[in-house]
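If you use mature numbering (1 follows the signal peptide of the UniProt record, and there is no 0), the sequence shown corresponds to residues -27 to -1, 1 to 315, in order. We put the CB at the ideal spot given by N, CA and C, even for glycine. Okay, so here's the structure we're looking at.
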Amino acid sequence: MGGKSRYVCSSWFLFNAILTVNTFIQGSHLSNTRQKVCLCSREPIPGKSKLCRSLVRLAGCAGTRDASGRMPAVLVLSPAPLGVEPWGGDQQAVVEFIMVLPSEKMIIKKNPFVQSGGRYRPPHCLARYKSAILVAYKNQEKYLHHLLYYIHPFLQRQQLSYSIYLIQQVGNGTFNRAKLLNVGVREALKDEDWDCLLLHDVDLVPENDYNLYVCDEYYPKHMASAMDKFQYTLPYKSFFGGVSALTPEHYMKMNGFPNTYWGSGGENDDIATRRELATVTITFVLSNCRYCSFFRPTSRHNTRKTWKDDGMNSLEFKLLSRTKHPLYTNITVDIGYVPPFS
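Structure (C-alpha cells):
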C-alpha cells in the first residue's frame, strides 16, 4: 500500500504500565503494514530524550480535607511542562486546591483541539481507542468545572478519541444517577460505535496519569479502586463505584443499571451484583491509579431479584434537549419523579 504512513496513537503508559515488552515488539511490526505507533507526544521535545514526557505535576492531595471533613471549595490542577520524567524519583502527581473556580472560557482556552460537544480526536494520528465519558449531573456546577479543567488534558495525553456527555436531570425530584447513566449510554451509542463507556462521578478527579481510560476487552474494569476518602483502599470487596469502564457489550449483558435507584450511592454496588449474576468478572486497576473525591451522602437499594427486568430493557425517559457545548454534549432529560423513601 503506497502513500504516506498512517499514524496510530497509543499511550506511553499503555506500553509501560499495562502491556508487556512482547506486546511492544509486536506493535512495532505495524510498520510492515505501513502503519506506525505514536507512543506519546506528536513531536520530540527539544533538548530532551524521545521517551514520552507527558506526566503532569500537580500539588497536594493527601490531607486536603478541612476540619469539618469536607474538601476545599474548588479544585484546580496545574499541568507541568512536558519535560517531566514519567518514572523515577518522587513522581507522584497529586492535586492542588485553590479558591478560584476555573471558568468555561479558561478551560476552552486550554483545550484548543477539543471540538463542539466535547469531542476530541488526536490531530496528527489515528487513535487506537474511542471512549465515551458519561457523567450523571444535577446542579453541581463547581464540581463539573474542575472535572472538565482536568479531564480534557488528561484524556488528550492518552491520545484517545473521546467525547464527554453530561446527562442532566431536570426538576426537583430525587437524583437518579443509575437511570441517567442508562440514558447516557443509549444516547452516546447513537453517535459512535464506542469501544469503551466510562461511567464517571462528577466529583471525582484522577490524581495522576497512570489511569488509562480504556476498557479491558474481556472484563468490566473498576477504575476508582483507590480513593482518598477510603484511605486509598476498597471499602469492601464488591465496591464498584466512582469510575468504571465497560464495553457496550458488557453493559448490555448486565442490563445496565436499575432505573429504580432514587438517591445516590447504592447503584454502584448493584452493578457488582449484576455482573455476578451475568457471570462477568470485574478487574481492578493498580493501586497507584488514585482519585480525589468530594463528600456526598450514599444510599442503599437491592435489585438482585429484578435485574433482568429493571435496566436498559425497561428504560423510559423524555428527551428535552440535546445541545453541543464547547466542552461537552449536554443531554437534558425528564426521568420522572419518585418521592424519597417511597
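Quiz prompt | Runs of alpha helix (DSSP H) lying entirely within the region 144 to 230, each at least 4 residues, in chain order | solution = Runs found: 150 to 161, 221 to 226.
Self-check item: As assigned by DSSP and simplified to three states, the class of residue 103
Solution: Here residue 103 corresponds to residue number 130 of the sequence shown, with the count starting at 1. Residue 103: strand per DSSP, three-state reduction.
Quiz item: Buried or exposed: residue 143, going by 16 or more other Cβ atoms within 10 Å of its Cβ?
Solution: Counting from one through the sequence shown, the residue named residue 143 turns up at place 170. In the assembly as shown, residue 143 is an exposed residue. Its beta-carbon has fewer than 16 other beta-carbons within 10 Å.
Quiz prompt | Cβ-based burial, residue 250 [other Cβ within 10 Å; buried from 16] | solution = One-based indexing of the sequence shown puts residue 250 at position 277. Burial call: exposed.
Quiz item: Where does residue 6 land, buried or exposed, given buried means 16+ other C-beta within 10 angstroms?
Solution: Against the sequence shown, residue 6 aligns to sequence position 33. Low confidence applies here, because residue 6 scores a pLDDT of 31, under 50, leaving its location unreliable and the question unanswered by this model.
Self-check item: Extent of the continuous alpha helix (DSSP H) to which residue 83 belongs
Solution: In the sequence shown, counting from the first residue as 1, residue 83 sits at position 110. Judged by DSSP secondary structure, residue 83 falls within the alpha helix (DSSP H) whose first and last residues are 77 to 83.
Quiz item: Can you tell me whether residue 232 is buried or exposed, with buried defined as 16 or more other CB within 10 angstroms of its CB?
Solution: Taking the sequence shown and counting its residues from 1, one reaches residue 232 at position 259. Classification for residue 232: buried.
Quiz prompt | Contact belief for residue 178 with residue 102 at Cβ below 8 Å, rounded distance in angstroms | solution = Counting from one through the sequence shown, the residue named residue 178 turns up at place 205. Counting from one through the sequence shown, the residue named residue 102 turns up at place 129. The distance from the Cβ of residue 178 to that of residue 102 is about 21 Å, inconsistent with a contact at the 8 Å cut-off.
Practice problem: In the DSSP assignment, find the unbroken beta strand (DSSP E) run with residue 116 in it and report its ends. | Solution: As a first step, residue 116 is located in the sequence shown; it is residue number 143 there, counting from the start. Premise fails: residue 116 lies in the alpha helix (DSSP H), 114 to 130, not in any beta strand (DSSP E).
Quiz item: If we ignore side chains and look at the alpha-carbon of each, how far apart do residue 291 and residue 304 end up?
Solution: Translated into the one-based positions of the sequence shown, residue 291 becomes position 318. Translated into the one-based positions of the sequence shown, residue 304 becomes position 331. Taking the straight line from one Cα to the other gives about 11 Å.
Quiz item: Buried or exposed: where does residue 97 fall if 16 or more other Cβ atoms within 10 Å of its Cβ makes it buried?
Solution: As a working mapping, residue 97 is identified with position 124 in the sequence shown. With fewer than 16 Cβ atoms within 10 Å of its Cβ, residue 97 is classed as exposed.
Self-check item: Segment limits, beta strand (DSSP E) that includes residue 135
Solution: Locating residue 135 in the sequence shown gives position 162, counting from the first residue. Counted as a single uninterrupted DSSP element, the beta strand (DSSP E) harbouring residue 135 occupies residues 134 to 142.
Quiz item: So what does DSSP say about residue 244, is it helix, strand or coil?
Solution: Looking up residue 244 in the sequence shown gives position 271. For residue 244, the secondary structure class from DSSP, reduced to helix, strand or coil, is helix.
Self-check item: Status (buried if at least 16 other CB within 10 Å, exposed otherwise) for residue 85
Solution: Your numbering for residue 85 matches position 112 in the sequence shown. Burial call: exposed.
Practice problem: Grab the span of the beta strand (DSSP E) containing residue 297 for me, first residue to last. | Solution: By 1-based counting over the sequence shown, the position of residue 297 is 324. From DSSP, the beta strand (DSSP E) with residue 297 extends over 291 to 297.
Quiz item: Within 10 angstroms of its Cβ, does residue 117 collect 16 or more other Cβ (buried), or is it exposed?
Solution: The sequence position of residue 117 within the sequence shown is 144, counting from 1. For residue 117, the number of other beta carbons within 10 angstroms of its own is at least 16, and it is reported as buried.
Quiz item: For residue 171 versus residue 191, is the C-beta distance shorter than 9 Å?
Solution: As a working mapping, residue 171 is identified with position 198 in the sequence shown. As a working mapping, residue 191 is identified with position 218 in the sequence shown. In this structure, the beta-carbon distance from residue 171 to residue 191 does not fall below 9 Å.
Self-check item: Residue of 176, 131, 235 minimising C-alpha distance to residue 216
Solution: Within the sequence shown, residue 216 is the residue found at index 243, counting from 1. Ranking 176, 131, 235 by Cα distance to residue 216 puts 176 first.
Self-check item: Pairwise C-alpha distance: residue 310 and residue 125
Solution: The residue you call residue 125 lines up with position 152 of the sequence shown. The residue you call residue 310 lines up with position 337 of the sequence shown. Going by the C-alpha atoms only, they are around 33 Å apart.
Quiz item: For residue 160, which residues from the same chain have a beta carbon less than 8 Å from its beta carbon, with the 5 sequence-adjacent residues on both sides left out?
Solution: Your numbering for residue 160 matches position 187 in the sequence shown. Result list for residue 160: 138, 140, 292, 295, 304, in chain order.
Practice problem: Would you please state the rounded distance, in angstroms, between the beta carbons of residue 300 and residue 91? I believe it to be under 8 Å. | Solution: Numbered from 1 along the sequence shown, position 327 holds the residue referred to as residue 300. Numbered from 1 along the sequence shown, position 118 holds the residue referred to as residue 91. Contact between residue 300 and residue 91 holds, with the beta-carbon distance rounding to 5 Å and staying under 8 Å.
Practice problem: With a threshold of 16 other CB atoms inside 10 Å of the CB of residue 174, please say whether the residue is buried or exposed. | Solution: Position 201 of the sequence shown, counting from 1, holds the residue named residue 174. By the neighbour-count rule (16 or more Cβ atoms within 10 Å), residue 174 is buried.
Quiz item: Going straight from the alpha carbon of residue 256 to that of residue 223, what length do you get?
Solution: The sequence position of residue 256 within the sequence shown is 283, counting from 1. The sequence position of residue 223 within the sequence shown is 250, counting from 1. Taking the straight line from one Cα to the other gives about 13 Å.
Quiz prompt | Through-space distance from residue 108 to residue 88, alpha-carbon basis | solution = Working through the sequence shown from its first residue, we reach residue 88 at position 115. Working through the sequence shown from its first residue, we reach residue 108 at position 135. Taking the straight line from one Cα to the other gives about 18 Å.
Practice problem: Look at the Cβ atom of residue 169, then the Cβ atom of residue 76, and state whether they are nearer than 9 Å. | Solution: Within the sequence shown, residue 169 is the residue found at index 196, counting from 1. Within the sequence shown, residue 76 is the residue found at index 103, counting from 1. Result no, Cβ atoms of residue 169 and residue 76 do not sit closer than 9 Å.
Quiz item: If you measure from the CB of residue 213, is any heavy atom of the ligand GTP nearer than 8 Å?
Solution: Within the structure as shown, the ligand GTP is missing, as the structure has no ligands at all.
Practice problem: Would you tell me roughly how many angstroms separate the C-alpha atoms of residue 149 and residue 158, rounded to the nearest one? | Solution: Taking the sequence shown and counting its residues from 1, the one referred to as residue 149 is at position 176. Taking the sequence shown and counting its residues from 1, the one referred to as residue 158 is at position 185. Cα to Cα, the separation comes out at about 15 Å.
Quiz item: Beta carbon of residue 188, beta carbon of residue 154: below 9 Å?
Solution: Counted from its first residue, the sequence shown places residue 188 at position 215. Counted from its first residue, the sequence shown places residue 154 at position 181. The answer is no: Cβ separation not under 9 Å.
Exercise. Please state if the CB of residue 151 and the CB of residue 230 are separated by a distance shorter than 9 Å.
Key: Here residue 230 corresponds to residue number 257 of the sequence shown, with the count starting at 1. Here residue 151 corresponds to residue number 178 of the sequence shown, with the count starting at 1. A distance below 9 Å separates the beta carbons of residue 230 and residue 151.
Quiz item: Alpha carbon to alpha carbon, what distance is there between residue 113 and residue 99?
Solution: Along the sequence shown, one-based indexing puts residue 99 at 126. Along the sequence shown, one-based indexing puts residue 113 at 140. Approximately 34 Å, taken between the alpha carbons.
Exercise. Mark residue 78 as exposed unless 16 or more other C-beta atoms lie within 10 angstroms of its C-beta, in which case mark it buried.
Key: Taking the first residue of the sequence shown as position 1, residue 78 is located at position 105. Counting Cβ neighbours within 10 Å, residue 78 comes out exposed, since fewer than 16 surround it.
Quiz prompt | Alpha-carbon to alpha-carbon, residue 288 and residue 18 | solution = Residue numbering aside, residue 18 sits at position 45 when the sequence shown is read from its first letter. Residue numbering aside, residue 288 sits at position 315 when the sequence shown is read from its first letter. Because the pLDDT at residue 18 is just 31, under 50, the model does not fix this residue reliably, and the value given afterwards should be weighed accordingly. Looking at the two C-alpha atoms, the distance is approximately 49 Å.
Quiz item: Out of 110, 111, 73, 127, which has the shortest C-alpha to C-alpha gap to residue 83?
Solution: Mapped onto the sequence shown, residue 83 falls at position 110. Closest option to residue 83, Cα to Cα, is 127.
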